[in-house]
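A.B. asks:
Below you can see the structure in the form of C-alpha cells.
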C-alpha cells in the first residue's frame, strides 16, 4: 500500500491475530497501525462492510465463477465514496 500511495497517510486496522505478527515487520513511515482488541469482531470496521456487501451485492445471487464474484465486489468497492465507506464501517475516527 505504501508503494501505491507514497504521498498519503494510510491507517491499517488489524485484529491482532497471530498470523498478522512478525518480528521482521517493517512499517513504512506513511502507514499508521491501529490494533483492535483481541476477540472483538464486532468492533472490526471491515466486518460491517462485509455485511453490507453480502446484503447489497451477493444476496440471492449465484455467480458463475470466482472471477465474476471478484469483479462484482471490486466494482462495488471502487464506487464507494469515502464518506459512505466510513458510514458503513462506523469509522468517523478515520476523518481525523
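In my numbering, the protein residues as written are -8 to 87.
Even for Gly, the Cβ is constructed at its ideal location relative to N, Cα and C.
1) Are residue 21 and residue -2 closer than 9 Å when you measure CB to CB?
2) Check the DSSP bridge columns for residue 1 and list the partner residues they point to.
3) Could you tell me the boundaries of the alpha helix (DSSP H) in which residue 70 lies?
4) Which residues bound the alpha helix (DSSP H) around residue 7?
5) According to DSSP, simplified to helix, strand and coil, what is residue 32?
6) Using the C-alpha atoms, what's the distance from residue 2 back to residue 81?
7) Which whole-angstrom value describes the C-beta separation of residue 71 and residue 39, a residue pair presumed to lie in contact below a C-beta threshold of 8 Å?
8) My assumption, with CB atoms under 8 Å, is that residue 53 sits in contact with residue 67. Please give the rounded CB distance.
C.D. replies: For this structure:
1) Your numbering for residue 21 matches position 30 in the chain shown. Your numbering for residue -2 matches position 7 in the chain shown. Yes; because the gap between Cβ atoms is below 9 Å, this pair is in contact.
2) Walking along the chain shown from the start, residue 1 turns up at place 10. The beta-bridge partner set that DSSP reports for residue 1 consists of 22.
3) For the purposes of this step, residue 70 is taken as the residue at position 79 of the chain shown. Counting along the chain, residue 70 falls outside any alpha helix (DSSP H), and DSSP gives it neither H nor E.
4) Residue 7 sits at position 16 when you count from the first residue of the chain shown. Premise fails: residue 7 is in no alpha helix (DSSP H) and is neither H nor E.
5) Counting from one through the chain shown, the residue named residue 32 turns up at place 41. DSSP places residue 32 within a helical segment (H, G or I) once states are collapsed to three.
6) In the chain shown, the residue the question calls residue 81 occupies position 90. In the chain shown, the residue the question calls residue 2 occupies position 11. For the pair residue 81 and residue 2, the Cα-to-Cα distance works out to about 15 Å.
7) Position 80 of the chain shown, counting from 1, holds the residue named residue 71. Position 48 of the chain shown, counting from 1, holds the residue named residue 39. With a Cβ gap of about 13 Å, residue 71 and residue 39 do not count as contacting.
8) Taking the chain shown and counting its residues from 1, the one referred to as residue 53 is at position 62. Taking the chain shown and counting its residues from 1, the one referred to as residue 67 is at position 76. For residue 53 against residue 67, the beta-carbon gap comes to about 17 Å, at or over 8 Å, which does not count as contact.
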